[in-house]
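What follows is a short report on a single structure.
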Amino acid sequence: MKVTDHIKEAKETLFSFEILPPLKGKSIQSIYEGIDPLMEFKPKFVNVTYHREEYVYKERENGLLEKIAIRKRPGTVGICAAIMNKYHVDAVPHLICGGFSKEETENALIDLQFLGIDNVLALRGDSIKTESVFRPHKDGHSYAVNLIHQIKEMNEGIYLLDDVELTGTDFCIGAAGYPEKHFESMNMSTDLQYLKAKVDAGAEYIVTQMFFDNKKFFDFVNACRSIGITVPIIPGIKPIKSLNHISFLPKFFSIDFPDDLSKELLKCKSNADVEALGTEWGIQQSKELKDAGVPCIHYYTMSNSSQVKTIAANVF
Ligand code: FAD
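Position 253 of the sequence shown, counting from 1, maps to 258 under the working numbering, and the rest follow consecutively.
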């Protein structure tokens with residue numbers, strides 16, 4: 006079932022979460038261990054992130070360096086199929102532009118349709134660690150809007166090589182939004198115009214980057230509505246867990262901690278202190294969002310379901 010249909014049917018705020026495929030070499034069991042504790046909160050859908058290959062340089066016998074692609078986290082499509090099969094919930098694979106030609110994208114979408122997956126979160130992806138700016142595949146897409154356009158065309162039965170008559174797919178397409186602006190954008194209004202272009206191209210709902218100040222989310226929703234973005238906007242919540250997160254999250258995700266939170270974080274002496282504060286902050290944020298009637302709250306578990314479980318137990 007489509008994410009948008011779940012939202013339409015819902016009488017109250019839905020609970021959803023996203024998981025990361027495990028590092029290569031681990032089994033599907035490690036995925037289930039992350040999902041099992043959260044199933045009691047009846048998620049209607051579970052997102053599975055996609056991770057690009059990374060490159061390492063290996064010295065050859067002649068002394069030259071060889072660039073080798075390594076795949077760190079395998080199997081978004083397979084994991085989605087396994088989740089749907091085991092838990093009977095909709096799985097939402099993240100599909101990215103980076104590293105994919107248009108043909109590979111089409112093939113991935115054909116596989117998803119074949120597996121009965123109705124939803125896709127369409128993203129550009131970030132640059133790989135060895136590159137300072139995002140470089141698309143030479144036959145791929147530069148921006149999420151182009152990927153959304155391709156998916157929309159497939160929904161209309163337009164494939165890359167349409168020499169035979171093909172049935173259209175029927176994917177519900179989600180896109181990413183940034184309450185504190187995407188880090189590459191010149192300013193908020195430009196970023197919002199690009200977000201609107203994604204919706205105009207076919208995105209039917211938006212999931213936001215994490216944020217820690219609900220006012221920023223509410224302002225973002227108002228700004229979206231004021232430029233004619235009418236699709237559901239799902240807030241993304243990430244509980245802070247460790248001392249390391251205090252610098253990592255703002256740096257990596259280009260977000261700010263509000264003053265109230267940063268003052269409390271400065272008092273934390275251990276990971277346990279941060280986790281307790283992060284959990285309480287996540288509960289308060291979620292309660293306020295739920296009271297405001299958001300369609301769904303989407304939790305970034307980052308392989309840490311216990312903290313999300315505590316939050317969900319207090320909110321849902
Ligand atoms: P886009 O919408 O393409 O935007 C990228 C930048 O380009 C923005 O600054 C935008 O303003 C600008 N822009 C957009 N269109 C144009 C245009 N036509 N011309 C010029 N500039 C333009 N990454 C992963 O690798 N895997 C994941 O699974 C994943 N999941 C995510 C889930 C969520 C909910 C979110 C919020 C992010 C996720 N990301 C993931 C991270 C995401 O890939 C990065 O934030 C990436 O840098 C931007 O992706 P996007 O889809 O927002 O890109």
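For glycine and all other residues, C-beta sits at the position ideal for the given N, C-alpha and C. These numbers come from a predicted model, not from an experiment.
Near the ligand FAD: residue i beta-carbon under 7 angstroms from a heavy atom
i	result
E189	yes
K203	yes
Q34	no
T9	no
Y60	no
Y92	no
G145	no
H99	yes
G121	no
Nearest to residue i (by Cα), restricted to the options the options
i	options	result
P26	G145, V97, C102	V97
D175	Q198, D95, I122, V138	I122
E17	K314, M307, I302, V313	I302
G130	L114, H142, G241	H142
K295	F222, Q198, Y60, E66	F222
A15	K47, K63, G104, I232	K47
D10	S35, V236, M307, G283	V236
T172	F139, Y183, L165, N160	N160
K243	M191, S231, E285	E285
M193	F217, C229, L165	C229
Counterpart residues of residue i in DSSP-defined beta bridges
i	result
T213	G182
E23	N52, Y305
P263	None; P263 has no bridge partner.
Chain-order list of residues whose beta-carbon lies under 8 angstroms from that of residue i (same chain, five-residue window excluded)
i	result
E293	N219
S247	N276, V279, E280
C-alpha gap between residue i and residue j, whole angstroms
i	j	result
N124	K7	6 angstroms
S310	E170	45 angstroms
A281	K157	43 angstroms
C102	A149	7 angstroms
N90	I84	10 angstroms
K29	K72	19 angstroms
G104	K63	21 angstroms
A206	I163	15 angstroms
V299	T213	12 angstroms
E269	F217	13 angstroms
Residues of its chain near residue i, where Cβ-Cβ distance is below 7 angstroms and the 5 sequence neighbours each way are ignored
i	result
H99	N52, V53, T54, Y55, T81, L126, L128
I288	I316, N319, V320
D196	Y183, K186, H187, S190
L266	F217, W286
Own chain, CB closer than 6 angstroms to residue i, minus 5 neighbours either side, in chain order
i	result
A208	I153, I178, A180
A297	none
S35	P27
F74	In the sequence as displayed, the identity of residue 74 is Ala instead of Phe. Result list for A74: E58, Y60, in chain order.
H250	none
V204	I234, V236
Neighbour flag for residue i against chain D, beta carbons, 8 angstroms
i	result
E280	Looking for chain D here will not work: only one protein chain is present.
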